[in-house]
Amino acid sequence: MIAVRNLSVRAGQFALNEISFEIPAGEYGFLMGKTGCGKTTVLEAICGLRSVVSGTIELMGRDVTRAKPAMRDIGFVPQDSALFSNMTVREHLSFALVIRKWDAPSIKARVNELAEWLGLDRLLDRKPAGLSGGEAQRVALGRALSYSPGILCMDEPLSALDEETRAEMCGVLESVRSHTGVTILHVSHSLEEAKRLADRILVLKDGQLHLHPLSGGEA
Amino acid sequence: MTTVPRNSPKPSRANGGSDGLFLLCLVILGGVYVLLIIALLVADVSFTSPNHLWKALQSPEIRYAIKLSLITCSLTTIISLWLSIPIGYLLSHYRFPGKALLDAVLDIPIVLPPLVIGLSLLILFQTAPGRAIENIFPITYAIPSVVLAQLMVACAFAVRTMRATFDHINPRREQVALTLGCSRNQAFWMVVLPEAKRGVLTAATLAWARSLGEFGPILVFSGATRMKTEVLPTTVFLELSVGNIEAAVAVSLLMVTAAILVLLIIRFFGIEESLGRPV
Numbered sequence: 301m302i303a304v305r306n307l308s309v310r311a312g313q314f315a316l317n318e319i320s321f322e323i324p325a326g327e328y329g330f331l332m333g334k335t336g337c338g339k340t341t342v343l344e345a346i347c348g349l350r351s352v353v354s355g356t357i358e359l360m361g362r363d364v365t366r367a368k369p370a371m372r373d374i375g376f377v378p379q380d381s382a383l384f385s386n387m388t389v390r391e392h393l394s395f396a397l398v399i400r401k402w403d404a405p406s407i408k409a410r411v412n413e414l415a416e417w418l419g420l421d422r423l424l425d426r427k428p429a430g431l432s433g434g435e436a437q438r439v440a441l442g443r444a445l446s447y448s449p450g451i452l453c454m455d456e457p458l459s460a461l462d463e464e465t466r467a468e469m470c471g472v473l474e475s476v477r478s479h480t481g482v483t484i485l486h487v488s489h490s491l492e493e494a495k496r497l498a499d500r501i502l503v504l505k506d507g508q509l510h511l512h513p514l515s516g517g518e519a
Numbered sequence: 099m100t101t102v103p104r105n106s107p108k109p110s111r112a113n114g115g116s117d118g119l120f121l122l123c124l125v126i127l128g129g130v131y132v133l134l135i136i137a138l139l140v141a142d143v144s145f146t147s148p149n150h151l152w153k154a155l156q157s158p159e160i161r162y163a164i165k166l167s168l169i170t171c172s173l174t175t176i177i178s179l180w181l182s183i184p185i186g187y188l189l190s191h192y193r194f195p196g197k198a199l200l201d202a203v204l205d206i207p208i209v210l211p212p213l214v215i216g217l218s219l220l221i222l223f224q225t226a227p228g229r230a231i232e233n234i235f236p237i238t239y240a241i242p243s244v245v246l247a248q249l250m251v252a253c254a255f256a257v258r259t260m261r262a263t264f265d266h267i268n269p270r271r272e273q274v275a276l277t278l279g280c281s282r283n284q285a286f287w288m289v290v291l292p293e294a295k296r297g298v299l300t301a302a303t304l305a306w307a308r309s310l311g312e313f314g315p316i317l318v319f320s321g322a323t324r325m326k327t328e329v330l331p332t333t334v335f336l337e338l339s340v341g342n343i344e345a346a347v348a349v350s351l352l353m354v355t356a357a358i359l360v361l362l363i364i365r366f367f368g369i370e371e372s373l374g375r376p377v
C-alpha cells in the first residue's frame, strides 16, 4: 500500500503542496499529468530521492517519510532505464541480492527465474550497450523486482519505446501485476496505457490530484 | 497572404560569396601554428642522433633523473587520484555554501606562475608548523619536495578531469543503486566509480604527464642537486647551463616521447573534449 498524506515537496523553484492519495496493496496505480506538473517529483519523494518539506509517506503501513531509499523496499524503474554501463545483465539482476548478502546458489536460482520470466535468458552476459530499448527496460524491471520489493515505482518506462515494443512491455507489466502482487505506481503520459493496465488513475493538474474514471474522458 | 509593399526593394537572391576563400584563410592561419609544432619536433629529432641518445642514457646522472622522474611522477599520480576523486565527486554532487569560492581556489595552482608555487612552498615550510614537519620528516631540498611540488599543479588538473567525469555520469544510476539497498558508500564504490573508470584513467595520465614536465616549483623548492633531487626537466636545465646541448636535446626527446604517448592514451580514452577547460 502507498499512502501519501498532505505531501509538500520542493524542486528548485518548483513546489508541490498538500498532495494526498492512496494506492491499496496489490493495486496498479497510474499517476498522470502534463510535462512539468511534478509527477516525477512525487515519485522521487516516495522513493526517498527528494526530501519532503511536510506531510507523510507510508509504504505497506510503515511511515518512511524520513527513511533512506534503501530502507523503503521499493523497486525503481527510471525513464531512461539507467542501467549500469559496466555490468552485464546477469550482474544487474543479482545486484540487489549481492547487497543483501544472499548465498551464491540462491542468487543464481533467482537470476535464472527472472531471466526466464522476462525473456532475458539469452542476454545474461551482455552489457547495456548491446541491448535494444525494450530489452534495457526489461533488465531495469528485472533489477527492480529482483529482491521482491513490496512496491514498484516506474517513471514513464514505456515512453522511449516504439509501438510494437510498448505493446510487448504492456504484456510484461500485466504479467508483473498478476505474478507478483506488488503495489505499483506508474508515472505516464499515456491514457491508453493507463486504461489497459491501471486499477486507478490519478491526474496531477495545477498542483492538485484528481481521481480519473477508468473508462472514457481525457486526462 | 502577405504582399510585398510597392516601395520595398525587389527581393533578390542572397549572394553566398566564396566559401573557398574563407576556408583557405582558416587553413593558412591555423596551419602556421601546426607547422610550428611539427617544426619543433623535427628540429629536436634532427639535432640529435641515436649515438647522443645512447650516450645520454649511459650517464649515471641522467639514469638517476629518469628513475627519480618515474618514481615521483607515479607517486604524485596516486596521491592526485586520492585527492581529486573525492573533491570532484563533492563538487559534482553537492551544493554547499562557498562552493563557487572552493571551485576558484582549486584553479589557483593552474593560473599561478610555477616559480611562485615553488617559492610559496619554500615559505610554507619556513613557517612554524612547516618547520615542525621538517624536523620529523625532511621535505625541502629532499625527494619528498619533488613529489609535493609536482602534486600542487598535477592534482589541480586531476580535479578538473574528475569533476567533468562525475558531471557526465547520469545521477539516476546512483539513485537506482540507493533504492536497490546500497548505502552512499556502496553506491559510490560499486556503481559511480566503475562508471568513472575512463575519467580516472585520464586524470591519472594527465597528472603523470604534468608531473613529468614540472620544473619551476621543483627548481625553487627542491633545488637542482645532481643525484639527489634531479628529475628530467632539471637535467635539461643543468645540461644546457654547462653547454651540453646534445645531452639536453636527447633528454628532451625522451620527454617528448613520453608526452606523445600520454596524448595518445588520452585520445584513446576520449575524455579530454569533455573537460571544462583546456589541458
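Same order as they appear, the protein sequences are chains R and Z. Just so you know, we're using this note's numbering here: the first sequence kicks off at 301 and counts up by one. Just so you know, we're using this note's numbering here: the second sequence kicks off at 99 and counts up by one. Cβ atoms here follow ideal geometry from the backbone N, Cα and C, with glycine treated the same way. Predicted model, so just to flag it, every value in this text is computed and none were measured.
#1: Is R/G355 helix, strand or coil by DSSP?
#2: The alpha helix (DSSP H) spanning R/A370 covers which residue range?
#3: Based on the DSSP secondary-structure assignment, which residues constitute the bridge partners of R/E322?
#4: CA-CA distance, Z/A112 and Z/F120?
#5: From the beta carbon of R/C539, is the nearest beta carbon of chain Z less than 8 Å away?
#6: If you measure between the beta carbons of R/M387 and R/G434, is that distance less than 8 Å?
#7: Output needed in chain order: residues of the stretch 184-215 of chain Z with a Cβ under 9 Å from some Cβ in chain R.
#8: Would you kindly work out how many angstroms separate the C-alpha atoms of R/R477 and R/G312, rounded to a whole number?
#9: Hey, Z/S167 and Z/L359: beta-carbon distance below 8 Å or not?
#10: Rounded to the nearest angstrom, what separates R/F314 and Z/S190 at their Cα positions?
#11: Spell out whether any CB of chain Z is found under 8 Å from the CB atom of R/S385.
#12: If the cut is a Cβ gap below 7 Å, which residues of chain Z does R/R400 touch?
#13: What would DSSP say about R/N317, mapped onto helix, strand or coil?
#14: Quick one: grab the DSSP three-state call for Z/F313.
#15: What's the gap between the Cα of Z/V132 and the Cα of Z/V143?
#16: Roughly how many whole angstroms lie between the Cα atoms of R/A584 and R/K427?
#17: For Z/L220, collect the residues of the same chain with a Cβ closer than 8 Å to its Cβ; drop the 5 residues on either side in sequence, then sort them by chain order.
#18: Rounded to a whole number of angstroms, what is the C-alpha to C-alpha distance between R/A303 and R/M360?
#19: Specify the secondary structure class of Z/A345 as computed by DSSP and reduced to three states.
#20: Taking Cβ positions only, does Z/R271 come closer than 8 Å to chain R?
#21: Would R/L316 be called buried (16 or more neighbouring beta carbons within 10 Å of its own) or exposed?
#22: Using 8 Å as the threshold, is the stretch 481-495 of chain R in touch with the stretch 329-349 of chain R, meaning 3 or more CB pairs across them?
#23: Is the separation between the beta-carbon of R/R310 and that of R/G348 shorter than 8 Å?
#24: Which bits of chain R does Z/V298 rub up against, with CB to CB less than 9 Å?
#25: Let's see if you can read the secondary structure: which residues bound the beta strand (DSSP E) around R/C453?
#26: To which residues of the same chain is R/A325 closer than 6 Å at the C-beta, ignoring the five residues directly before and after it?
#27: Measure the alpha-carbon distance for Z/E370 versus Z/V130 and round it to whole angstroms.
#28: Can you check whether the C-beta of R/D425 is within less than 8 Å of a C-beta belonging to chain Z?
#29: Could you tell me if Z/M260 is buried or exposed, where buried requires 16 or more neighbouring beta carbons within 10 angstroms of its beta carbon?
#30: State the Cα-Cα distance for the pair Z/I185 and Z/I208, rounded to the nearest angstrom.
#31: Quick check on R/L310: does DSSP put it in helix, strand or coil?
#32: Counting only Cβ-Cβ distances shorter than 7 Å, please list the residues of the stretch 302-316 of chain R near chain Z, keeping chain order.
#33: Do we get a CB-CB distance below 8 Å when we pair Z/Q284 with the residues of chain A?
#34: Can the beta-carbon of R/S385 be found less than 8 Å from the beta-carbon of R/A415?
#35: Restricting to runs no shorter than 3 residues, where is the beta strand (DSSP E) found entirely within the stretch 462-498 of chain R?
#36: Can you tell me the Cα-Cα spacing of Z/A240 and R/V439, whole angstroms?
Taking the definition as stated:
#1: Within the first sequence, residue 355 of chain R is the residue found at index 55, counting from 1. In the displayed model, R/G355 falls within a strand according to three-state DSSP.
#2: Position 70 of the first sequence, counting from 1, holds the residue named residue 370 of chain R. Premise fails: R/A370 is in no alpha helix (DSSP H) and is neither H nor E.
#3: One-based indexing of the first sequence puts residue 322 of chain R at position 22. R/E322 is bridged to R/A303.
#4: Translated into positions along the second sequence, residue 112 of chain Z becomes position 14. Translated into positions along the second sequence, residue 120 of chain Z becomes position 22. Their backbone Cα atoms lie some 17 Å apart in a straight line.
#5: Here chain R comprises residues numbered 301 to 519, so residue 539 of chain R is not present and cannot be evaluated.
#6: Taking the first residue of the first sequence as position 1, residue 387 of chain R is located at position 87. Taking the first residue of the first sequence as position 1, residue 434 of chain R is located at position 134. No, these two residues do not count as a Cβ contact at 8 Å.
#7: Correct list: empty, as no residue qualifies.
#8: For the purposes of this step, residue 477 of chain R is taken as residue 177 along the first sequence, with counting starting at 1. For the purposes of this step, residue 312 of chain R is taken as residue 12 along the first sequence, with counting starting at 1. Rounded to the nearest angstrom, the two C-alpha atoms are 35 Å apart.
#9: Numbered from 1 along the second sequence, position 69 holds the residue referred to as residue 167 of chain Z. Numbered from 1 along the second sequence, position 261 holds the residue referred to as residue 359 of chain Z. Not in contact: Z/S167 and Z/L359 (Cβ atoms no closer than 8 Å).
#10: Here residue 314 of chain R refers to the residue found at position 14 of the first sequence. Here residue 190 of chain Z refers to the residue found at position 92 of the second sequence. Rounded to the nearest whole angstrom, the CA to CA distance from R/F314 to Z/S190 is 22 Å.
#11: Here residue 385 of chain R refers to the residue found at position 85 of the first sequence. Any Cβ of chain Z closer than 8 Å to the Cβ of R/S385 would place that residue at the interface, and such an atom is present.
#12: As a working note, residue 400 of chain R is residue 100 in the first sequence. Within chain Z, the residues near R/R400 are G279.
#13: For this step, residue 317 of chain R is matched to residue 17 along the first sequence. For R/N317, the secondary structure class from DSSP, reduced to helix, strand or coil, is strand.
#14: Walking along the second sequence from the start, residue 313 of chain Z turns up at place 215. In the structure shown, Z/F313 sits in coil (DSSP, three-state: anything other than H, G, I, E or B).
#15: What you label residue 132 of chain Z is simply residue 34 of the second sequence in a count that begins at 1. What you label residue 143 of chain Z is simply residue 45 of the second sequence in a count that begins at 1. Their backbone Cα atoms lie some 17 Å apart in a straight line.
#16: No answer is possible for residue 584 of chain R: the residues shown for chain R start at 301 and end at 519.
#17: Position 122 of the second sequence, counted from the start, is the residue given in the question as residue 220 of chain Z. Only T238, V318 and F319 meet the Cβ criterion.
#18: Locating residue 303 of chain R in the first sequence gives position 3, where the first residue counts as 1. Locating residue 360 of chain R in the first sequence gives position 60, where the first residue counts as 1. Their Cα atoms are separated by approximately 8 Å.
#19: Taking the first residue of the second sequence as position 1, residue 345 of chain Z is located at position 247. In the structure shown, Z/A345 sits in a helix (DSSP, three-state: H, G or I).
#20: Start at 1 with the first residue of the second sequence, and residue 271 of chain Z comes out as number 173. At a cut-off of 8 Å, the C-beta of Z/R271 has a neighbouring C-beta in chain R.
#21: As a working mapping, residue 316 of chain R is identified with position 16 in the first sequence. Looking at its Cβ environment, which holds 16 or more other Cβ atoms inside 10 Å, R/L316 is buried.
#22: Taking 8 Å as the limit for Cβ pairs, the verdict is that the stretch 329-349 of chain R does touch the stretch 481-495 of chain R.
#23: For the purposes of this step, residue 310 of chain R is taken as the residue at position 10 of the first sequence. For the purposes of this step, residue 348 of chain R is taken as the residue at position 48 of the first sequence. Taking 8 Å as the Cβ cut-off, R/R310 and R/G348 do not qualify as a contacting pair.
#24: Here residue 298 of chain Z refers to the residue found at position 200 when the second sequence is read from its first residue. Taking a Cβ-Cβ cut-off of 9 Å, Z/V298 has no neighbours in chain R, whose nearest Cβ is about 12 Å from it.
#25: For the purposes of this step, residue 453 of chain R is taken as the residue at position 153 of the first sequence. Note, R/C453: beta strand (DSSP E), I451 to D455.
#26: Here the question's residue 325 of chain R lines up with position 25 in the first sequence. Excluding positions up to five away in sequence, the list reads M301 and T483.
#27: Mapped onto the second sequence, residue 370 of chain Z falls at position 272. Mapped onto the second sequence, residue 130 of chain Z falls at position 32. In this predicted model, Z/E370 has a pLDDT of only 48, less than 50, meaning its place in the structure is not dependable enough to derive any value.
#28: The residue you call residue 425 of chain R lines up with position 125 of the first sequence. Chain Z, which has no Cβ nearer than 8 Å to the Cβ of R/D425, makes this no.
#29: For the purposes of this step, residue 260 of chain Z is identified with residue 162 of the second sequence, where counting begins at 1. Per the 10 Å Cβ criterion, buried.
#30: For the purposes of this step, residue 185 of chain Z is identified with residue 87 of the second sequence, where counting begins at 1. For the purposes of this step, residue 208 of chain Z is identified with residue 110 of the second sequence, where counting begins at 1. Those two C-alpha atoms are separated by around 16 Å.
#31: On the first sequence, residue 310 of chain R is found 10 positions in, with the first residue counted as 1. A small correction: the amino acid at residue 310 of chain R is Arg; Leu does not occupy that position in the sequence shown. Correct three-state label for R/R310: strand.
#32: Listed in sequence order: no entries.
#33: Among the protein chains in the structure shown, which are R and Z, there is no chain A.
#34: On the first sequence, position 85 is the one that residue 385 of chain R refers to. On the first sequence, position 115 is the one that residue 415 of chain R refers to. No; because the gap between Cβ atoms is not below 8 Å, this pair is not in contact.
#35: If we require 3 residues or more, the beta strand (DSSP E) runs fully inside the stretch 462-498 of chain R come out as 483-488.
#36: Taking the first residue of the second sequence as 1, we reach residue 240 of chain Z at position 142. Taking the first residue of the first sequence as 1, we reach residue 439 of chain R at position 139. Whole-angstrom Cα-Cα distance: 56 Å.
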